[in-house]
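A.B. asks: In our numbering, the protein residues as written are 1186 to 1809. Think of the CB as a built atom: it goes at the ideal place given N, C-alpha and C, for glycine as much as any other residue. Mind looking over this structure? Questions follow.
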């Protein structure tokens, strides 16, 4: 490991973690569904396109090659957790066959010779998304292949996979060093190619070879030199993500994952500042109630960030951008150790990720909407593989070790993890809970040897309070540390139990679609007039976003009047039958509305409707 910084938190190897409950169900479905059916060997359509016969005639400029690297990455993570012999066999077979198709110069794409990223392209015409003159996704595909081979090496331990990745990276370095600008190789003003920053920095962190650090810094240098992209300069200047290149959420978040790894490798403060600036802007202005990046309002692309403060309940969340957002928070959790990043992962996973996944683990939504119809996307679409990757992120971020050796519980839900401590030996942390449906968690601490250490408890952003008891003795007011965790410091013995109580109450959230016309008077003074305001109300219960189906069985919306009384008087929480309590909203002028967790509203079926936001009667207007 060639990191130049001290990590705030060491994430735990998947083999040491078992997740139950919703997360466990997601992992099981993912492995028996998408990972076991989409690709099994070299004859699978998304792998056979890398065969020499196909690629020598492929002039299409397609992006389908990404599936190979995504499947390698996700499957390797699943294999690394253990007890997946068939997936392990499939992984080795596919990876070995792909290596057999790698050219002598390291090329492992699926394009004909004259369409490859190694060949200079003609000057590109100006277009809204900076698309290359000869449209290809070759560098994009190789970036995913790099990540896939790195994860396969980690899971199987065979150096041939790391060597295959190094050969690809060497070819990328020679290409960029030879005068080709990487921003000419991808759309969105180069962002679809500069994602190479991620695996290049990863290779340096693994190998310590300065050649790969030079590659990563070359990518960033060229990304920053492109005036439309100017990734580092714009981030440092406080630019909103919507105005960096095209504002494409998926690609920009993936670029930031690479920048985070480059910060790990170099420790350069500017890199951390740039990431922090953009993370804050995304978190404040560009996330749904369910935690995913969203966009698509009044723009030709459905997948770009909206202008700041834009709100529209039918806006789009692309599942690919959910993956990249989770990965960015994974990196920041490791770098800083701060609870806010674990909180962001949990919120996204329990809502916008889970809400895009079908129970069979094979079907996924390309897009989800706070208000809209659930549509399972087709076989080849990108988001099915991105969703599968995102699910496999969960084990490694669920628990962690702080820089001082203290334990950290990052995600809540039934399951357990075994961590190492210098004095305690193996320490197993076991969660017994129905979270996210209820806020009571029993955390059993099982050290191999009695020893003193800390256990960090995350206070979720939705929680108004927390009560902590150890072996039945309540701890009173405890301060939150600089990393956002409450650390229980004591000498632990096997069988000690921490009881965590996070009281859940329905919470209302208000948002508005507002348009303000701005101009200047003849004397130069500013003039601003609000010309549009549509207000909405949403509902959460603990970490879960709640939604109702089509109102009265057929309406996609209905303007409502909220009672003047406290919400506790007209929001009634019903019994939980195992998948979250039903909340009844007693409103004026109509029958009660029934809300359930957004992810399962409509039964998680194709064509099901779910409405998370209800429009409010305009201010000053009351029903007669």
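#1: Would you grab the beta carbon distance between residue 1385 and residue 1417 for me? Rounded to a whole angstrom, and I think it's under 8 Å.
#2: Does the distance from the C-beta atom of residue 1506 to that of residue 1477 stay below 8 Å?
#3: What's the gap between the Cα of residue 1510 and the Cα of residue 1435?
#4: Return the CA-CA distance between residue 1494 and residue 1512, expressed in angstroms with no decimal places.
#5: For residue 1425, does the count of other Cβ atoms within 10 angstroms reach 16, so buried, or fall short, so exposed?
#6: Where residue 1718 and residue 1801 are concerned, what is the direct C-alpha to C-alpha distance, given to the nearest angstrom?
#7: For residue 1551, I'd like the list of residues in its chain whose CB is within less than 6 Å of its CB, leaving aside the five on either flank, ordered along the chain.
#8: According to DSSP, is residue 1592 helix, strand or coil?
#9: As a quick exercise: from 1295, 1422, 1532 and 1450, pick the residue whose alpha carbon is nearest that of residue 1462.
#10: Taking Cβ to Cβ, would you say residue 1235 is nearer than 8 Å to residue 1196?
#11: Beta-carbon within less than 6 Å of residue 1491's beta-carbon, same chain only, minus the 5 sequence neighbours each way: which residues are those?
#12: Could you work out which residue in 1775, 1726, 1739 and 1732 is closest to residue 1758 when comparing CA atoms only?
#13: Need the endpoints of the beta strand (DSSP E) that residue 1703 sits in, please.
#14: Sorted by chain position, which residues of the same chain lie with C-beta nearer than 7 Å to residue 1419's C-beta, five sequence neighbours on each side aside?
#15: Hey, residue 1334 and residue 1398: beta-carbon distance below 8 Å or not?
#16: Report yes if the CB atom of residue 1600 is closer than 8 Å to the CB atom of residue 1575, and no otherwise.
#17: Report yes or no: do the segment 1321-1339 and the segment 1243-1258 share at least 3 C-beta pairs separated by less than 8 Å?
#18: How is the alpha helix (DSSP H) around residue 1357 delimited, first residue to last?
#19: How big is the Cα-Cα spacing for residue 1316 and residue 1702?
#20: Shortest alpha-carbon distance to residue 1515 belongs to which of 1666, 1577 and 1559?
#21: Kindly indicate the opening and closing residues of the alpha helix (DSSP H) around residue 1770.
#22: Cα separation between residue 1579 and residue 1595?
#23: Residue 1783 to residue 1768, Cα distance in whole Å?
#24: Please go through the same chain and pick out, in chain order, the residues whose beta-carbon is closer than 8 Å to the beta-carbon of residue 1716, but skip the five residues on each side of it.
#25: Could you tell me the alpha carbon to alpha carbon distance between residue 1689 and residue 1539, rounded to whole angstroms?
#26: Taking all protein chains shown into account, do 16 or more other C-beta atoms lie within 10 angstroms of the C-beta of residue 1272, making it buried, or fewer, making it exposed?
#27: Which same chain residues, not among the five before or five after residue 1570, have their C-beta less than 8 Å away from its C-beta?
#28: Whole angstroms are fine: how far does the CA of residue 1535 sit from the CA of residue 1743?
#29: Return helix, strand or coil for residue 1654, following the three-state DSSP convention.
#30: What are the start and end residues of the beta strand (DSSP E) that includes residue 1719?
#31: Is residue 1693 buried or exposed, if buried means 16 or more other CB atoms sit within 10 Å of its CB?
#32: On the three-state DSSP scale, how would you describe residue 1490?
#33: Roughly how many angstroms lie between the CA atoms of residue 1364 and residue 1308, to the nearest whole one?
#34: Can you give the beta carbon distance from residue 1383 to residue 1439, rounded, assuming they're within the 8 Å contact cut?
#35: What's the call for residue 1244, buried or exposed, on a 16-neighbour Cβ count within 10 Å?
#36: Can you give the Cα-Cα distance for residue 1404 and residue 1296, rounded to whole angstroms?
C.D. replies: Once the coordinates are examined:
#1: What you label residue 1385 is simply residue 200 of the chain shown in a count that begins at 1. What you label residue 1417 is simply residue 232 of the chain shown in a count that begins at 1. At roughly 16 Å, the Cβ-Cβ gap does not stay under 8 Å, so residue 1385 and residue 1417 are not in contact.
#2: Position 321 of the chain shown, counted from the start, is the residue given in the question as residue 1506. Position 292 of the chain shown, counted from the start, is the residue given in the question as residue 1477. It is a contact, given that the beta carbons lie within the stated cut-off.
#3: Numbered from its first residue, the chain shown carries residue 1510 at position 325. Numbered from its first residue, the chain shown carries residue 1435 at position 250. Cα to Cα, residue 1510 sits roughly 8 Å from residue 1435.
#4: Here residue 1494 refers to the residue found at position 309 when the chain shown is read from its first residue. Here residue 1512 refers to the residue found at position 327 when the chain shown is read from its first residue. Roughly 24 Å between the two C-alpha positions.
#5: In the chain shown, residue 1425 corresponds to position 240, counting from 1. Residue 1425 is buried by the Cβ-count criterion.
#6: Taking the chain shown and counting its residues from 1, the one referred to as residue 1718 is at position 533. Taking the chain shown and counting its residues from 1, the one referred to as residue 1801 is at position 616. Residue 1718 and residue 1801: Cα-Cα distance of roughly 11 Å.
#7: Locating residue 1551 in the chain shown gives position 366, where the first residue counts as 1. These residues qualify, in order along the chain: 1562, 1566 and 1568.
#8: Your numbering for residue 1592 matches position 407 in the chain shown. If DSSP states are grouped into helix, strand and coil, residue 1592 belongs with the strands.
#9: Walking along the chain shown from the start, residue 1462 turns up at place 277. Minimum Cα distance to residue 1462 is reached at 1422.
#10: Here residue 1235 refers to the residue found at position 50 when the chain shown is read from its first residue. Here residue 1196 refers to the residue found at position 11 when the chain shown is read from its first residue. 8 Å or more divides the Cβ of residue 1235 from the Cβ of residue 1196.
#11: Residue mapping note: residue 1491 aligns to position 306 of the chain shown, counting from 1. Within the same chain, residue 1491 has close Cβ partners 1480 and 1482.
#12: As a working mapping, residue 1758 is identified with position 573 in the chain shown. Taking only the C-alpha atoms, the option nearest residue 1758 is 1726.
#13: One-based indexing of the chain shown puts residue 1703 at position 518. That run of the beta strand (DSSP E) goes 1691-1705.
#14: Start at 1 with the first residue of the chain shown, and residue 1419 comes out as number 234. Annotation for residue 1419: 1429 place their beta carbon closer than 7 Å to its own, counting only its chain and skipping 5 residues before and after.
#15: In the chain shown, counting from the first residue as 1, residue 1334 sits at position 149. In the chain shown, counting from the first residue as 1, residue 1398 sits at position 213. No, these two residues do not count as a Cβ contact at 8 Å.
#16: Within the chain shown, the letter at position 415 stands for residue 1600. Within the chain shown, the letter at position 390 stands for residue 1575. Contact flag unset, no.
#17: yes
#18: Position 172 of the chain shown, counted from the first residue, corresponds to residue 1357. Unbroken alpha helix (DSSP H) run through residue 1357: 1344-1362.
#19: In the chain shown, residue 1316 corresponds to position 131, counting from 1. In the chain shown, residue 1702 corresponds to position 517, counting from 1. In a straight line, the C-alpha of residue 1316 is about 33 Å away from that of residue 1702.
#20: Against the chain shown, residue 1515 aligns to sequence position 330. The option with the nearest alpha carbon to residue 1515 is 1577.
#21: Reading the chain shown from its first residue, position 585 is the one you call residue 1770. Residue 1770 -> not in any alpha helix (DSSP H); beta strand (DSSP E) instead, spanning 1768-1770.
#22: Counting from one through the chain shown, the residue named residue 1579 turns up at place 394. Counting from one through the chain shown, the residue named residue 1595 turns up at place 410. Rounded to the nearest angstrom, the two C-alpha atoms are 10 Å apart.
#23: The sequence position of residue 1783 within the chain shown is 598, counting from 1. The sequence position of residue 1768 within the chain shown is 583, counting from 1. If you take the alpha carbons of residue 1783 and residue 1768, they lie about 12 Å apart.
#24: Working through the chain shown from its first residue, we reach residue 1716 at position 531. Cβ neighbours of residue 1716 beyond the five flanking positions: 1700, 1701 and 1702.
#25: Against the chain shown, residue 1689 aligns to sequence position 504. Against the chain shown, residue 1539 aligns to sequence position 354. Answer to the nearest angstrom: the Cα atoms are 20 Å apart.
#26: Sequence index remark: in the chain shown, residue 1272 carries index 87 (1-based). Buried, because 16 or more other Cβ atoms sit within 10 Å of the Cβ of residue 1272.
#27: Indexing the chain shown from 1 puts residue 1570 at position 385. Excluding sequence neighbours, residue 1570 sits near 1219, 1223, 1251, 1252, 1255, 1256 and 1259.
#28: As a position in the chain shown, residue 1743 is number 558, starting the count at 1. As a position in the chain shown, residue 1535 is number 350, starting the count at 1. Each residue's Cα considered, the two are about 27 Å apart.
#29: Counting from 1 along the chain shown, the entry for residue 1654 is found at position 469. Secondary structure of residue 1654 (DSSP, three-state): strand.
#30: Counted from its first residue, the chain shown places residue 1719 at position 534. It spans 1711-1726 - the beta strand (DSSP E) in which residue 1719 sits, taken as one unbroken run.
#31: Your numbering for residue 1693 matches position 508 in the chain shown. With fewer than 16 other Cβ atoms within 10 Å, it is exposed.
#32: Translated into positions along the chain shown, residue 1490 becomes position 305. Strand.
#33: Here the question's residue 1364 lines up with position 179 in the chain shown. Here the question's residue 1308 lines up with position 123 in the chain shown. If I take the Cα positions, the gap works out to 14 Å.
#34: As a first step, residue 1383 must be located in the chain shown, where it is residue number 198. As a first step, residue 1439 must be located in the chain shown, where it is residue number 254. Contact holds; Cβ gap of about 6 Å.
#35: Reading the chain shown from its first residue, position 59 is the one you call residue 1244. With fewer than 16 Cβ atoms within 10 Å of its Cβ, residue 1244 is classed as exposed.
#36: As a working mapping, residue 1404 is identified with position 219 in the chain shown. As a working mapping, residue 1296 is identified with position 111 in the chain shown. If I take the Cα positions, the gap works out to 22 Å.
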